[in-house]
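Asks: Following this message is one structure expressed as structure tokens.
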Amino acid sequence: MSPLGFCLSVCLLLPMPSNEGDVLPKGTLPAACVLKGWSLLSGVPLVHENPTMGHTPVQLLSPFQLLPKNQRLLEAILNQSGLFLKPVGAIRQPRAYWVTHHRLAEPPRPKPVVQVVRLDHLEPEEGVKILRAEANMKEKNLDLLDRYSNFVASPRTRSVVLTCASNERLHHYLKVLQRSDRVPPRREDGPALKIWKARFLRAPMLEELLNQRWEDRGGQPIHIVVNEPTNSLMIRIPRHLWPEAQKILEELDQQENF
């Protein structure tokens, strides 16, 4: 029987390791069994270069216990059998390992597409938050060899740097950013700075009268600054309350009150 045929028959009879501490028996084993053991030790899933790689024969000269301290040795045994494990993503914290027969090969991942977008109204940090929220929904089931999109804010240039795995994905996030980068709706209850140029009263007197009337009224306070050279008042007031304050000013700033 050929080594491949032998491995296939063993694969049907040999239970796959399922826990740390399991022991792989001595002999010629199918790579699928040994790779499963290595994946258990690394805690990271594997992606095979082709679907038949699991049938590759791997020779164990003695029973092998799956312990963290033996992980490097198990990888060396796989290498001797012509199987090489390449990290997918960051080397220190890969999201998967790609199994290949080629020592110098790299995982076939999409080439990143990068674009810098300058924002007109939206703050870059806020733009990144919006994009990441969208990506968390859109990219939650990506293939292990795919790339997650990355977004970086550049406050100095008022821009966001987008890095995506495809033009299609990039265009999707550009549309999301475009929809968000608009003039924010005016808050009717937000603060406004209004200027009232006194017509008959002196500004200090008008300020005193307005403060008194507004305190009697109660509710949200307003802040008044007197500008004597121009005989005017600068009033910071919630926008929706300005019509009421304007009406009071018109009543107070009359010639008969001079």
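So the sequence shown is numbered by the working numbering: it starts at 651 and just counts up by one.
Ideal placement from N, C-alpha and C gives every residue a C-beta, glycine not left out.
#1: Rounded to the nearest angstrom, what separates GLU773 and MET787 at their Cα positions?
#2: Under three-state DSSP, which class holds SER668?
#3: To the nearest angstrom, how far is it from the Cα of PHE714 to the Cα of VAL811?
#4: Tell me where the alpha helix (DSSP H) around ILE872 begins and ends.
#5: Nearest-angstrom Cα distance between GLU699 and THR807?
#6: Tell me the residue span of the beta strand (DSSP E) that contains HIS698.
#7: Would you please verify whether the beta carbon of GLU725 is less than 8 Å from any beta carbon of chain C?
#8: Whose C-beta lies closer than 8 Å to the C-beta of LYS863 among residues of the same chain, with five residues either side of it excluded?
#9: Below 8 Å on the Cβ atoms is my guess for HIS771 versus ARG852; work out the distance and round it to an integer in Å.
#10: So, helix, strand or coil for ASN729, using DSSP?
#11: Looking at the structure shown, is TYR747 part of a helix, part of a strand, or coil, going by DSSP?
#12: Quick one: is PHE801 buried, meaning 16 or more other Cβ sit within 10 Å of its Cβ, or exposed?
#13: Are there three or more Cβ pairs, one per stretch, closer than 8 Å when the region 665-672 is compared with the region 732-742?
#14: Does the region 842-850 come close enough to the region 781-796 to have 3 or more Cβ pairs within less than 8 Å?
#15: State the DSSP-derived secondary structure class of ALA815, mapped to helix, strand or coil.
#16: Pull the bridge partners of TRP846 from the DSSP assignment, please.
#17: How would you label PRO680, buried or exposed, when you count the other beta carbons within 10 angstroms and need 16 or more for buried?
#18: Which same chain residues, not among the five before or five after GLU906, have their C-beta less than 8 Å away from its C-beta?
#19: Between the region 688-706 and the region 739-754, are three or more C-beta pairs nearer than 8 Å?
#20: Quick one: residues in its chain with C-beta nearer than 8 Å to the C-beta of LEU717, no 5 flanking neighbours on either side, listed in chain order?
#21: So for ASN861, helix, strand or coil by DSSP?
Replies: Concretely, from the data shown:
#1: Answer to the nearest angstrom: the Cα atoms are 22 Å apart.
#2: Coil, per DSSP.
#3: Whole-angstrom Cα-Cα distance: 48 Å.
#4: Segment: none, ILE872 is in no alpha helix (DSSP H) and carries neither H nor E.
#5: Our two residues, GLU699 and THR807, have alpha carbons roughly 42 Å apart in a direct line.
#6: Its beta strand (DSSP E) spans residues 696-698.
#7: Among the protein chains of the structure shown there is no chain C, as only one such chain exists.
#8: Before going further, note that residue 863 is Arg rather than Lys in the sequence given. Excluding positions up to five away in sequence, the list reads ILE898, LEU902.
#9: A Cβ-Cβ separation of about 41 Å leaves HIS771 out of contact with ARG852 under the 8 Å criterion.
#10: It is helical.
#11: Strand.
#12: Burial call: buried.
#13: Judged by Cβ distances under 8 Å, the region 665-672 makes no contact with the region 732-742, as fewer than three pairs qualify.
#14: Using a Cβ-Cβ distance cut-off of 8 Å, the region 842-850 and the region 781-796 are not in contact, since fewer than three pairs of beta carbons, one from each stretch, lie closer than that value.
#15: Of the three classes helix, strand and coil, the one that applies to ALA815 here is coil, per DSSP.
#16: Note: TRP846 sits in a beta bridge opposite LEU883.
#17: Burial call: buried.
#18: Result list for GLU906: empty, nothing under 8 Å.
#19: With the rule of 3 Cβ pairs closer than 8 Å, the region 688-706 counts as touching the region 739-754.
#20: For LEU717, where only same-chain residues beyond five positions count, the Cβ hits under 8 Å are GLU670, GLY671, LEU691.
#21: If DSSP states are grouped into helix, strand and coil, ASN861 belongs with the helices.
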